[in-house]
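Asker: I'd like to ask you about the structure that follows.
In my numbering, the protein residues as written are 8 to 95.
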C-alpha cells in the first residue's frame, strides 16, 4: 500500500499566502478555522469548576469533622462531670 502525502512548500512553512500556521493575526481575534462552539465549552468549564468546588467543600467539611473529634468510636462523652457514676 502506498499513500501519498503532500509536502508543504517553503512559502507555506514560512507563513506565506497559503500557510496559516504562522500567519500573523490581530490580537484578540480567533485563529482561522476555529469553529468550536464557545457556549458549549463555557458550559463544560462551568460544570467542571462547579464539581471541583463541591468536592473541595466536601473535603474541607470531612477534614473539619475529623479534626474536631467526630471520628472517635468509644461512644462515651468526654465531659462526665454531670453524668451518673459508674458504680453506685
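Glycine residues also receive a C-beta, built at the ideal position from the N, C-alpha and C atoms.
Three-state secondary structure (DSSP) at residue 3?
Answerer: Residue 3 lies beyond the range of the chain shown here (8 to 95); nothing can be said about it.
Asker: Measure the alpha-carbon distance for residue 10 versus residue 34 and round it to whole angstroms.
Answerer: On the chain shown, residue 10 is found 3 positions in, with the first residue counted as 1. On the chain shown, residue 34 is found 27 positions in, with the first residue counted as 1. Their Cα atoms are separated by approximately 39 Å.
Asker: How many angstroms separate the CA atom of residue 36 from the CA atom of residue 61?
Answerer: Reading the chain shown from its first residue, position 29 is the one you call residue 36. Reading the chain shown from its first residue, position 54 is the one you call residue 61. Roughly 34 Å between the two C-alpha positions.
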